[in-house]
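First residue of the sequence shown? That's 586 in our numbering, and the numbers climb one at a time after it. Everything on this sheet refers to the single structure shown next.
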Amino acid sequence: MRIEQPYHPGELQVQQQAGEALTARGNGQVIADTILGGALRFIEQQPFVVAGSIDRQQQVWASLIFGEPGFVRATDPQTVVIQATPDDDPFWANLEHTPAVGLLLIELMSRRRLRINGRSTRTPTGLTLGVTASYPNCPKYIQRRQPTRTNRPAVPPLGTRQGDRLELAQQTLIAAADTLFVASAHPSQGVDASHRGGETGVRAGPRRADAPRARLSR
């Protein structure tokens, strides 16, 4: 069923400031509290999912969860099951106190993507997500590529580092990237996981005094 008012006040304000309120209102017509029937098979075909979550300090994280196609599936239009072994990614610890989750399923080669938001319940084999919002996104800015598996040993976890500025190597890495994933949250309307992409940018400049602190993981 279509959601009557899919946007929270912050989104409405940004849309108004950007002069995109009318366009956003039209796009909102596709946001529903169930998954489109044609997307059910698409979900099962994906080898990874981007998951947004909130930690104990109310900071938002975007995590990548990998598995064999079928490890994520919709058992019905309002339920998504993820079968994955929890690791040291903050995502799994975040679910212990904040069940809100935002999922992004994105097929880079075909440039198709689907967003699903909901509330999670932990299970012995992963989690179950009760869908509160689901909608497809256009292919704009998605860089076409084919993910592949390798036999290289897994990279050891780097842990979490905090600081108030990015190091040169980190700035260079960011400037060379054409794809990234972000997460955002609203106190009463849950978590979103989103894709951002485009041409590679320029090296990051000095940090402003009012800029957010950097949080680095994995």
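Glycine included, every Cβ here is placed at the ideal spot set by N, Cα and C. Here the structure is a predicted model, which is why all the values come from computation and not from measurement.
### Query
In this structure, does DSSP put R798 in helix, strand or coil?
By 1-based counting over the sequence shown, the position of residue 798 is 213. Model confidence at R798 stands at a pLDDT of 38, short of 50, so the residue's coordinates are unreliable and nothing is read from them.
### Query
Does the distance from the C-beta atom of M822 to that of R734 stay below 9 Å?
Only positions 586 to 803 of the chain appear in this structure, which leaves residue 822 out of reach.
### Message
Is the beta carbon of I650 closer than 9 Å to that of F676?
### Response
In the sequence shown, residue 676 corresponds to position 91, counting from 1. In the sequence shown, residue 650 corresponds to position 65, counting from 1. Taking 9 Å as the Cβ cut-off, F676 and I650 qualify as a contacting pair.
#### Entry: 9 Å Cβ cutoff met for A669 and G711
Taking the first residue of the sequence shown as 1, we reach residue 669 at position 84. Taking the first residue of the sequence shown as 1, we reach residue 711 at position 126. Result yes, Cβ atoms of A669 and G711 sit closer than 9 Å.
### Task
Leaving out five residues on either side along the sequence, give the residues of the same chain with a beta carbon under 6 Å from the beta carbon of D674.
Mapped onto the sequence shown, residue 674 falls at position 89. Counting only Cβ-Cβ distances below 6 Å, and skipping sequence neighbours, we find S648.
### Message
Rounded to the nearest angstrom, what separates D777 and V686 at their Cα positions?
### Response
For the purposes of this step, residue 777 is identified with residue 192 of the sequence shown, where counting begins at 1. For the purposes of this step, residue 686 is identified with residue 101 of the sequence shown, where counting begins at 1. If I take the Cα positions, the gap works out to 7 Å.
### Message
I need the DSSP call for I639, collapsed to helix, strand or coil.
### Response
Counting from one through the sequence shown, the residue named residue 639 turns up at place 54. Three-state result, I639: strand.
### DSSP state of R827 mapped onto helix, strand, coil
Absent from the structure is residue 827, since the part of the chain shown begins at 586 and ends at 803.
### Task
Would you decide whether Q642 is buried or exposed? Buried here means 16 or more other CB atoms lie within 10 Å of its CB.
For this step, residue 642 is matched to residue 57 along the sequence shown. Classification for Q642: exposed.
### Query
Near Q663, what residues of its chain come up, given a Cβ to Cβ distance below 6 Å and the 5 sequence neighbours on each side ignored?
For this step, residue 663 is matched to residue 78 along the sequence shown. So the qualifying residues of the chain are T619 and V716.
### Task
Answer yes or no: does any C-beta atom of chain D fall closer than 9 Å to that of L753?
Absent from the structure is chain D; it holds one protein chain and no more.
### Query
Is the segment 767-781 close to the segment 588-600, with three or more CB pairs under 8 Å?
yes
### Query
According to the neighbour-count rule (16 or more other Cβ atoms, all chains shown, within 10 Å of its Cβ), is V599 buried or exposed?
Along the sequence shown, read from residue 1 onward, the residue named residue 599 stands at position 14. When all chains shown are included, V599 counts as exposed.
### Message
Along the chain, where does the alpha helix (DSSP H) containing L597 start, and where does it finish?
### Response
Stepping through the sequence shown from its first residue, residue 597 is reached at position 12. Unbroken alpha helix (DSSP H) run through L597: P594 to Q602.
### Message
For N736, count the other beta carbons within 10 Å of its own beta carbon; 16 or more makes it buried, fewer makes it exposed. Which is it?
### Response
Residue numbering aside, residue 736 sits at position 151 when the sequence shown is read from its first letter. Per the 10 Å Cβ criterion, exposed.
### Query
If you check the beta carbons only, do S719 and A636 fall under 9 Å apart?
The residue given as residue 719 occupies position 134 in the sequence shown. The residue given as residue 636 occupies position 51 in the sequence shown. It is not a contact, given that the beta carbons lie outside the stated cut-off.
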